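Okay, so here's the structure we're looking at.
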Amino acid sequence: MRSETRLFAGAFVMIAAATGALVALPYLQFRDLRPPSGLHPYTSAQLRGRQEYIREGCVYCHSQQPRDRSQAPDKDRGWGRASVPADYFYDTPHLLGTMRTGPDLFNIGARQPSVDWHLGHLYQPRAYVPGSIMPSFPYLFEVKPKAEPGDRVVAVPRQFVPTEGVVVAKPAALDLASYLLSLDHTYPLVVTDNQSR
Amino acid sequence: MDPIIVLLSAFLISIVALGVFIWSMRNGVFGTDSSGAKVIFTAHEVGHAEDPAAELQSLTALQRTVDLEQGHTAAMVDGELAQRAEADRSSSTVTFVFLSCAIGWLLLGSFAGLISSIKMHSPDWLSGYAWLTFGRIRTIHLNAVVYGWTSMAGLGLAMWMLPRLLKTTLQGGRFALLGAVLWNAGLIAGIGSIAVGLTTGLEWLEMPWQVALLLVAGGALIGIPLLLTLARRTVDHLYVSVWYLGAALFWFPILYLVANLPGVHFGVEQATMNWWYGHNVLGYFFTPLAQAAIYYFLPKVIGRPLQSYNLSLLGFWTQAFFYGMVGAHHLIGGPVPSWLITLSIVQSVMMIVPIVAFATNYALTMKGYWRAVLYSPTLRFIVVGAVMYVLVSLEGTMEALRSVNTITHFTHFTVGHAHLGMYAFVAITLFGGIYFVMPRVVEREWPYPRLIAAHFWLVLAGMTVYIVSLSIGGWRQGLAMLDAARPFMDSVAVTLPWIKARSVGGALMTAGHLVFAAHFLAMVFQLGPRRDRAALFHLARSVDHA
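For the protein sequence lines, the chains are A and B, in the order given.
Here our numbering = 1-based position in the first sequence + 121.
Here our numbering = 1-based position in the second sequence + 1165.
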């Protein structure tokens, strides 16, 4: 056999084995997964907000995968029970994340259910969490001299608002907040939800 | 699926694979002697040091170091290097285009990285611009350095090494040029997309699939010269670097295509696919490209063949096998099947086999020649890169262990590790290769040798500060996060001094890159003192130019 043939045949076998184990097997295993009864599909506002979460790259600092209590105190921090594959039934693309520069957000909607808090926090995180290093997102908001009918005015602590005018949330900020509120996986798992773990 | 069965079968496959390897070695597939290692030298060349980046004085000192070990070596006969001069000439245009693109991306990537680093401790800086928000500029940094700088530089060196390794001229270079055009067009579109917020949200795969396909096509086109040149080779034996290059060029389009298949991946399966890709683009593309360079340039500079050639091939196959399945260690503790995690941890530990094979070979070959790093700029980079390969791989194995991973996962420690791999190992190796290659490509010496030293020390200092500070900061962050008694904000506060130090490291690295880019431009535009010392170049070439 020529060396080239051996090289490419070998290289093909290796990548096939890796793809089989890490892509094909999980595909087969999760293909028939059903959503847990407590999990609801995203509304269109939540989906738009999820897209906003992706656009701004929130995933680079926030995970969405609490670990089991036996490994880490994620539950004690209020991040929720360890997640299972079925919890992600509606999550494409996946947003599991690999960093916790900020806290896990898998249950942020349950932990922090106030829209006002989220909007203000997106506008200026340091107004709510001293020492936070989260970016502020002023471009998701508008500063207007006066609120108009239908405007969602954001209540930000006085020292963080411009001296003149009010802070109004743009639709993108409202969508993002509604996505964050939808992150609530506190429903109980019944045995069948957990079968693939 | 029963995890025990999967585990056992993984072990079984590993053992069968190794068995096949040993059997094929016994049957002379790889040759039982080390004559293969001499393929990169001409008849009387062993014992002749070579570094086109070294000044005359350094080169003399380098040769003296080699002579001390090998005694007096045979003189080369006239015209012995004529074939190689022709090989170099055939690849110079292609290599030049790739390396120029690489350096452009390196600068963009460095500044994007530096901005993201500063933003992490000064979060309100430049916060009014959407495209500069941390989540986007960090991603622009990653894509520019990974798919721009590293890919273009690695492939450029590959195109240059191929005709030398196969002792012929580069065939089908225009396919590579077309590939480079598609690749760069895709990357410009991709980075633009990320800047305006059009991203897939998948780490390492952020570019929308519509533009990613351009990179798949470009990558495939860049593979064509490999096939055409292989068909015209005049060597019987394929040197180990060819194995690494061939496999890398073969693997990348497959990886990138499967990862970007639209409408196939979902939920947790997409997460495992994401890390299958994220780790294999390292193990199946960047690592082999850099290793091919080390296996070529290191012996070449000191004029000494690899000391254990068979070990390098053992390293190749074991790495190809074990590396492919380590990706899921990025999901330890996550909602993925335990059999998958266990498989990845096992294979991460098995990676010790290729690491030790590489390290042994490297140390044996360098034994007695360490002084050569004083005189050869190329070797200085390559030696650091090779040491960093060993370090990053061992660290990777450690991080995959559940006990260590529990601390380092989700922290800056991982970011430090990633830079130890992609920068300290891969980028440093590529710098070394470029210093060797460019004088051959433009037929001119580097005009200011001191700038090579400045580049080296700046990036060495920068990356040390960067990696050490993120490793300490990340470790402390992980410990703080594991202590339920401490508020989460403690884990942020403990990292602050270290992420500030990271900005200092990043600034030093960026400064080094500016020096490098300026030197590159000076060389290309023929600025500075002109030295093209005929003795340094191939004999045949000096005759041509006489």
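For every residue, glycine included, the Cβ atom is placed at its ideal position computed from N, Cα and C.
A quick note: this is a predicted structure, and the numbers were derived from the prediction, not measured.
Between the stretch 1344-1352 of chain B and the stretch 1364-1381 of chain B, the count of Cβ pairs shorter than 8 Å is three or higher; the stretches touch. Excluding sequence positions up to five before and after B:VAL1433, its CB lies within less than 7 Å of the CB of PRO1500, VAL1501, all in the same chain and listed in chain order.
Contact note: B:ASN1445 reaches chain A through ALA139, using a C-beta cutoff of 7 Å and chain order. Rounded to the nearest whole angstrom, the CA to CA distance from B:TRP1290 to B:GLY1278 is 15 Å. Contact annotation for A:VAL250 against chain B: MET1654 [CB-CB distance below 8 Å, chain order]. Scanning B:THR1207, B:SER1174, B:GLY1212 for the CA closest to the CA of B:ARG1469 turns up B:GLY1212.
When DSSP reads this structure, A:MET220 sits in a beta bridge with B:PHE1575. The way I'd put it, the stretch 1521-1537 of chain B does touch the stretch 1546-1556 of chain B; three or more beta-carbon pairs between them come closer than 8 Å. When beta bridges are read from the DSSP output, A:LYS265 appears opposite A:VAL287. Scanning chain B for C-beta atoms nearer than 8 Å to the C-beta of A:LEU216 yields GLY1366, reported in chain order. With fewer than 16 neighbouring CB atoms inside 10 Å of its own CB, B:LEU1692 falls in the exposed class.
The continuous alpha helix (DSSP H) containing B:GLU1234 extends over residues 1221-1235.
A:VAL274 is bridged by DSSP to A:VAL289. In the structure shown, B:TRP1611 falls within a coil segment according to DSSP collapsed to helix, strand and coil. Of all residues in the stretch 293-308 of chain A, none comes within less than 9 Å of chain B when Cβ atoms are compared.
In summary, B:ARG1301 is buried, with 16 or more beta-carbon neighbours lying within 10 Å of its beta-carbon over all protein chains present.
In this structure, A:ASP305 is the residue among A:ASP305, A:PHE281, A:PRO309, A:GLY218 with its C-alpha nearest to the C-alpha of A:TYR163.
Within the stretch 1319-1396 of chain B, the runs of alpha helix (DSSP H) at least 4 residues long that lie entirely inside it are, in chain order, 1338-1361, 1374-1396. Non-local C-beta neighbours of A:SER299 in its own chain, meaning closer than 8 Å and more than five positions away in sequence, comprise THR164, ALA166, GLN167, GLY170, VAL236, ordered along the chain.
Here A:GLN185 is not near B:GLY1498, since their CB atoms are 9 Å or more apart. In the DSSP assignment, B:VAL1405 falls within the unbroken alpha helix (DSSP H) covering 1405-1425. Counting along the chain, B:SER1275 sits inside the alpha helix (DSSP H) bounded by residues 1247-1286. Along the length of the stretch 1437-1498 of chain B, whole alpha helix (DSSP H) runs at least 4 residues long occupy 1452-1467, 1474-1488, reported in chain order. Using beta-carbon distances, B:PRO1328 does not count as an interface residue toward chain A, since no partner is under 9 Å.
Exposed is the label assigned to A:GLU285, since fewer than 16 other Cβ atoms lie within 10 Å of its Cβ. Using beta-carbon distances, B:SER1292 counts as an interface residue toward chain A, with a partner under 9 Å.
Interface annotation, A:SER257: in contact with chain B, CB-CB separation under 9 Å.
Remark: C-beta atoms of A:VAL180 and B:GLY1366 approach each other more closely than 9 Å. Residues of the stretch 1237-1266 of chain B that bring their beta carbon within less than 8 Å of a beta carbon in chain A are absent altogether.
At a cut-off of 9 Å between beta-carbon atoms, B:HIS1584 makes no contact with chain A.
Taking the Cα of B:VAL1630 as reference, the smallest distance to any Cα among B:ALA1589, B:VAL1602, B:ILE1617 is reached at B:ALA1589. Inter-residue distance for B:TYR1461 and A:MET255 is about 45 Å (C-alpha atoms, whole angstroms). Residues of the stretch 218-239 of chain A with a C-beta less than 9 Å from any C-beta of chain B: GLY218, THR219, MET220, ARG221, THR222, GLY223, PRO224, ASP225, listed in chain order.
A straight-line Cα-Cα distance of about 12 Å links B:GLU1371 and B:VAL1361. Between the alpha carbons of B:ALA1458 and B:LEU1221 lies a gap of roughly 24 Å.
Residues GLY1448 of the same chain have their beta carbon placed closer than 6 Å to that of B:TYR1488, with the five preceding and five following residues left out of the count.
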